[in-house]
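Taking the working numbering, I'd label the letters of the sequence shown as residues 301 to 367.
See structure below.
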Amino acid sequence: MGNPNDDALAQLRHEWARWEVWVVYNVIGPPTWCARRYEDRDAVPARVLNADSAEHLAEALEEATSR
Numbered sequence: 301m302g303n304p305n306d307d308a309l310a311q312l313r314h315e316w317a318r319w320e321v322w323v324v325y326n327v328i329g330p331p332t333w334c335a336r337r338y339e340d341r342d343a344v345p346a347r348v349l350n351a352d353s354a355e356h357l358a359e360a361l362e363e364a365t366s367r
């Protein structure tokens, strides 16, 4: 039995191929979902989106790409 976040992470990576998407598993509390554009990888300061769920990260990605 795998981690239930694995499917959501794979789906986000598939749908947002121009973005690097990952999950930070915190010691206390739920995981933090993160994304940044591959083209912004070396940007200083780093431009990273953070969310408390895969669904909220998808919403943040939608908003970021509509600007």
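Glycine included, every Cβ here is placed at the ideal spot set by N, Cα and C.
Simplified DSSP state of residue i, which is helix, strand or coil
| i | result |
| --- | --- |
| SER343 | Per the sequence shown, residue 343 should be read as Ala rather than Ser. Coil. |
Closest Cα partner of residue i within the set the options
| i | options | result |
| --- | --- | --- |
| ASP352 | ALA358, PRO331, LEU312 and ASN326 | PRO331 |
| ALA358 | VAL327, LEU309, ASN303 and GLY329 | LEU309 |
| ALA360 | PRO304, TRP316 and GLY329 | TRP316 |
| ARG337 | VAL348, VAL327 and PRO304 | VAL348 |
Assigned exposure category for residue i - 16 Cβ within 10 Å defines buried
| i | result |
| --- | --- |
| ALA354 | buried |
| VAL321 | buried |
| ALA343 | exposed |
Cβ pair residue i, residue j closer than 9 Å
| i | j | result |
| --- | --- | --- |
| ARG318 | GLU339 | yes |
| LEU312 | ALA346 | no |
Residues bridged to residue i (per DSSP)
| i | result |
| --- | --- |
| ALA351 | TRP333 |
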